[in-house]
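A.B. asks:
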Amino acid sequence: MFELSLSHEQGSFRLDVDLALNGRGVTALFGPSGSGKTTLLRLMAGLDRPDTGRIVLDGQVLVDTRAGLFVPVHRRRLGVVFQEARLFPHYSVRGNLCYGMPARDEPALQRMARLLGIEPLLDRMPGRLSGGEARRVAIGRALLTRPRLLLLDEPLTGLDGDRKQELLGYLAALVRDIEIPVIFVSHDPQELLAVADDLVLMQHGQVRASGPLDTLLARPELMPFLGGFDVSAMLRVVCHRVDPDRHLNELRLADGQRLEVPALNVSPGAVLKIQIRARDVALALTPPEQTSIRNVLGCRVTGLHHTSTPGVTLVALAVGGQVLRALISTASCEALALREGQKVLALVRAVSLARPA
Amino acid sequence: MLTPLEWEALALSLKVAGTAVAASLIPGIVLAWVLARYEFVGKGLVDGLVHLPLVLPPVVVGYLLLLSFGRQGVLGQWLATFGITLPFTWQGAALAGGVMAFPLLVRAVRLSFEAIDPRLEAAARTLGATRGRVFLTITLPLALPGLLAGMTLAFARALSEFGATITFAANIPGETRTLPLALYSLIQSPGSDAAAARLCVISIGVAMVSLLASEGLARRTRRRMGGRDV
Chain A
0 MFELSLSHEQ GSFRLDVDLA LNGRGVTALF GPSGSGKTTL LRLMAGLDRP
50 DTGRIVLDGQ VLVDTRAGLF VPVHRRRLGV VFQEARLFPH YSVRGNLCYG
100 MPARDEPALQ RMARLLGIEP LLDRMPGRLS GGEARRVAIG RALLTRPRLL
150 LLDEPLTGLD GDRKQELLGY LAALVRDIEI PVIFVSHDPQ ELLAVADDLV
200 LMQHGQVRAS GPLDTLLARP ELMPFLGGFD VSAMLRVVCH RVDPDRHLNE
250 LRLADGQRLE VPALNVSPGA VLKIQIRARD VALALTPPEQ TSIRNVLGCR
300 VTGLHHTSTP GVTLVALAVG GQVLRALIST ASCEALALRE GQKVLALVRA
350 VSLARPA
Chain B
0 MLTPLEWEAL ALSLKVAGTA VAASLIPGIV LAWVLARYEF VGKGLVDGLV
50 HLPLVLPPVV VGYLLLLSFG RQGVLGQWLA TFGITLPFTW QGAALAGGVM
100 AFPLLVRAVR LSFEAIDPRL EAAARTLGAT RGRVFLTITL PLALPGLLAG
150 MTLAFARALS EFGATITFAA NIPGETRTLP LALYSLIQSP GSDAAAARLC
200 VISIGVAMVS LLASEGLARR TRRRMGGRDV
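Residue numbers (numbering that gives the first Met the number 0), protein chains in the order written: chain A, 0 to 356; chain B, 0 to 229.
1) Do the stretch 3–12 of chain A and the stretch 45–59 of chain A touch if we need at least three Cβ pairs shorter than 8 Å?
2) May I ask which residues mark the beginning and end of the beta strand (DSSP E) holding residue 261 of chain A?
3) Go ahead and label residue 152 of chain A buried or exposed: buried means 16 or more other beta carbons lie within 10 angstroms of its beta carbon, across all protein chains shown.
4) If we define contact as Cβ-Cβ less than 8 Å, is residue 169 of chain A a contact residue for chain B?
5) With distance defined between alpha-carbon atoms, name the residue in B/157, B/106, B/27 nearest to residue 14 of chain B.
6) Going by C-alpha to C-alpha distance, which of A/47, A/252, A/72, A/343 sits closest to residue 270 of chain A?
7) Give me the chain B residues within the contact set of residue 300 of chain A, using Cβ-Cβ distance strictly less than 7 Å, ordered along the chain.
8) Please give me, in chain order, every unbroken run of the alpha helix (DSSP H) with length at least 4 that falls completely inside the stretch 16–97 of chain A.
9) Along chain B, in chain order, which residues have C-beta atoms closer than 7 Å to that of residue 144 of chain A?
10) How is the beta strand (DSSP E) around residue 160 of chain B delimited, first residue to last?
11) Where residue 45 of chain A and residue 147 of chain A are concerned, what is the direct C-alpha to C-alpha distance, given to the nearest angstrom?
12) Compare the C-beta of residue 25 of chain B against all C-beta atoms of chain A and say whether one is closer than 8 Å.
13) Along the chain, where does the alpha helix (DSSP H) that runs through residue 12 of chain B open and close?
14) How is the alpha helix (DSSP H) around residue 66 of chain B delimited, first residue to last?
15) Using a Cβ cut-off of 7 Å, pull out every chain B residue sitting near residue 136 of chain A, in sequence order please.
16) Would you call the stretch 68–82 of chain A and the stretch 114–132 of chain B touching, i.e. three or more CB-CB distances under 8 Å?
17) So, residue 86 of chain B versus residue 65 of chain B, is the Cβ gap smaller than 8 Å?
18) Please name the residue in A/214, A/245, A/244 whose C-alpha comes closest to that of residue 315 of chain A.
19) From the beta carbon of residue 148 of chain B, is the nearest beta carbon of chain A less than 8 Å away?
20) Relative to the alpha-carbon of residue 11 of chain A, which residue among A/22, A/24, A/34 has its alpha-carbon at the smallest distance?
21) Nearest by alpha-carbon distance to residue 67 of chain A: which of A/49, A/222, A/81, A/84 is it?
22) Using a Cβ distance threshold of 8 Å, determine whether the stretch 189–209 of chain A contacts the stretch 17–33 of chain A, with at least three qualifying pairs required.
23) Counting only runs that start and end within the stretch 98–136 of chain A, where is the alpha helix (DSSP H) found for 4 or more residues in a row?
24) Using only the alpha-carbon positions, how far apart do residue 408 of chain A and residue 134 of chain A sit?
25) Is the stretch 201–216 of chain A touching the stretch 169–183 of chain A in the sense that three or more CB pairs, one from each, lie closer than 8 Å?
26) When the Cα atoms are used, what is the spatial distance from residue 282 of chain A to residue 294 of chain A?
27) Taking only beta-carbon positions, decide if residue 112 of chain A is within less than 8 Å of chain B.
28) Using a Cβ-Cβ cutoff of 8 Å, what residues of the stretch 171–190 of chain A are near chain B? List them in chain order.
29) Could you check where the alpha helix (DSSP H) with residue 183 of chain A kicks off and where it finishes?
Structure below.
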């Protein structure tokens, strides 16, 4: 549990935050530049002192301005990875990794190096690393201090597409392997969808919304702030079969319903999270004939919501114990006479993103 | 190769200059650190005082030292209670050389402290390092090339010190007659042109050796770091 209630002024910028994070999984601090996400991260880390407020992590008071309490950075046991890798240029990669380790532990170091794919680099000096390699070393260095929490400040910014994907893969693997809560700052929706479980949406130095990613993705009024996002749903599926001839993957939902998507780089049995945008879902009452849409899921309507766009309705659907969303015109909603509890067929045009769950 | 008198002057010079640099090292680093990293009232004054020997005539510095550390001087009287006298001793010559060289040391070290990315120090703090450990493991090693350069400059300056030394420590053979003072004495006595030329060559040699040594050390340090951080 990470509780923050603070205000902080920096020049003309004012941060006012009242936030409780569950302290599990990956939480993204998301917002445009200048929204205060990095400032908030620095306050969490103890690199800056808030003007007023309290920060409590797992019952330990880190900051309480009223009581004059401030636990300095080096005693917080938080791993911090900055936007620039900030490796120490006069230490080798190994030296950097060891810098914050509580005790010499070669097996732990080797395991981390293997996990991050930096084993061949251990004896190199940081000046001879690529951007992606340097970031991985920085992440390993932070994790080897055995922190209670890992804070990442835009860890992927400035990397090109391939390097970004690569580092995302390592991050996802780390999150699964090492059970440590992660808070990361991002302004990139792709990044966010790829790793975040929870989302803190920041704007003008304030928390605009916070909660599980899937819940926030269901709120149309937030979409303008999520810039580049569409209302969507995240579904957990299992890769059932791979058809290399037709370049298709067959995915199964918990209730056994099938989805066919263009070949993903996964093997049968893998558990995936897929994103389905609400505007890629159409509804029908009877099975459509002669259509290009192959994916038809039987669902039940659980809610009808007006959106900020007049004439557009957001339909929440239950499918295999999960939530799917469809954005349709209010007119067709009325034509189909949709109501809560009704059984409908969801026609899924596209699955926009998949990642290991 | 060298005459006993030349040996004496050379050894004394190295001893005096070495002591001057060694004694200035810690206060120089501390002062450079404070000037590089902190803002405080009177910083300009402190900065000015440190640099004063650079612009004052050395004789004035020597005279001021004599006033403070002489028998009647406040500091001199205080040191006398411990049985220490500085004027007209080689330690006094080291003090004069040290004071004259101090601004060069502080300046070089300060510049290299200022060139260090404070974000690296912040990163070290997040890895659990105390301020002291950050200074010893990050700041100081990264400032090492600048520190070496500053030490060489200071050493060369102390080695060539003349005005303040002759005023404060006089020109006593075997005690305070360093290379420049020995050279001066030779120039004063007629018919010593050849001996003076020899001392001249020795001075140039010592200065070159210390410059090359520091350059070599600095290059090795830089190579060890293998270029800049990305």
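Glycine is no exception: its CB is placed at the ideal position from the N, C-alpha and C atoms.
C.D. replies: In this structure, then:
1) yes
2) On the first sequence, residue 261 of chain A is found 262 positions in, with the first residue counted as 1. Run containing residue 261 of chain A: 257–261, per the beta strand (DSSP E) assignment.
3) Residue mapping note: residue 152 of chain A aligns to position 153 of the first sequence, counting from 1. Counting Cβ neighbours within 10 Å, residue 152 of chain A comes out buried, since at least 16 surround it.
4) Here residue 169 of chain A refers to the residue found at position 170 of the first sequence. With 8 Å as the cut-off, residue 169 of chain A does not count as an interface residue toward chain B.
5) Here residue 14 of chain B corresponds to residue number 15 of the second sequence, with the count starting at 1. Of the listed residues, the one whose Cα sits closest to residue 14 of chain B is B/157.
6) On the first sequence, position 271 is the one that residue 270 of chain A refers to. Checked all of A/47, A/252, A/72, A/343; the closest Cα to residue 270 of chain A is A/252.
7) Counted from its first residue, the first sequence places residue 300 of chain A at position 301. Residues of chain B passing the Cβ test: none, with the nearest at roughly 49 Å.
8) 36–44, 92–97
9) Within the first sequence, residue 144 of chain A is the residue found at index 145, counting from 1. Per Cβ cutoff of 7 Å: 126, 127.
10) Stepping through the second sequence from its first residue, residue 160 of chain B is reached at position 161. Taken as a continuous stretch (DSSP letters only), residue 160 of chain B belongs to no beta strand (DSSP E), as it is neither H nor E.
11) Counting from 1 along the first sequence, the entry for residue 45 of chain A is found at position 46. Counting from 1 along the first sequence, the entry for residue 147 of chain A is found at position 148. Whole-angstrom Cα-Cα distance: 14 Å.
12) Working through the second sequence from its first residue, we reach residue 25 of chain B at position 26. For residue 25 of chain B, the answer is no, since every Cβ of chain A falls outside 8 Å of its Cβ.
13) Here residue 12 of chain B refers to the residue found at position 13 of the second sequence. Note, residue 12 of chain B: alpha helix (DSSP H), 3–36.
14) As a first step, residue 66 of chain B is located in the second sequence; it is residue number 67 there, counting from the start. Note, residue 66 of chain B: alpha helix (DSSP H), 57–68.
15) Against the first sequence, residue 136 of chain A aligns to sequence position 137. The premise fails here: residue 136 of chain A is roughly 11 Å from chain B at the closest Cβ pair, so nothing lies under 7 Å.
16) yes
17) As a position in the second sequence, residue 86 of chain B is number 87, starting the count at 1. As a position in the second sequence, residue 65 of chain B is number 66, starting the count at 1. Contact flag set, yes.
18) Looking up residue 315 of chain A in the first sequence gives position 316. Residue A/214 is the option with its Cα nearest to residue 315 of chain A.
19) As a first step, residue 148 of chain B is located in the second sequence; it is residue number 149 there, counting from the start. For residue 148 of chain B, the answer is no, since every Cβ of chain A falls outside 8 Å of its Cβ.
20) In the first sequence, counting from the first residue as 1, residue 11 of chain A sits at position 12. Minimum Cα distance to residue 11 of chain A is reached at A/34.
21) On the first sequence, residue 67 of chain A is found 68 positions in, with the first residue counted as 1. Ranking A/49, A/222, A/81, A/84 by Cα distance to residue 67 of chain A puts A/49 first.
22) yes
23) 105–115
24) Only positions 0 to 356 of chain A appear in this structure, which leaves residue 408 of chain A out of reach.
25) no
26) For the purposes of this step, residue 282 of chain A is taken as residue 283 along the first sequence, with counting starting at 1. For the purposes of this step, residue 294 of chain A is taken as residue 295 along the first sequence, with counting starting at 1. The alpha-carbon atoms of residue 282 of chain A and residue 294 of chain A are separated by roughly 12 Å.
27) In the first sequence, residue 112 of chain A corresponds to position 113, counting from 1. Not one chain B Cβ lies under 8 Å of residue 112 of chain A.
28) none
29) Taking the first residue of the first sequence as position 1, residue 183 of chain A is located at position 184. Segment 181–185 is the beta strand (DSSP E) holding residue 183 of chain A; no alpha helix (DSSP H) there.
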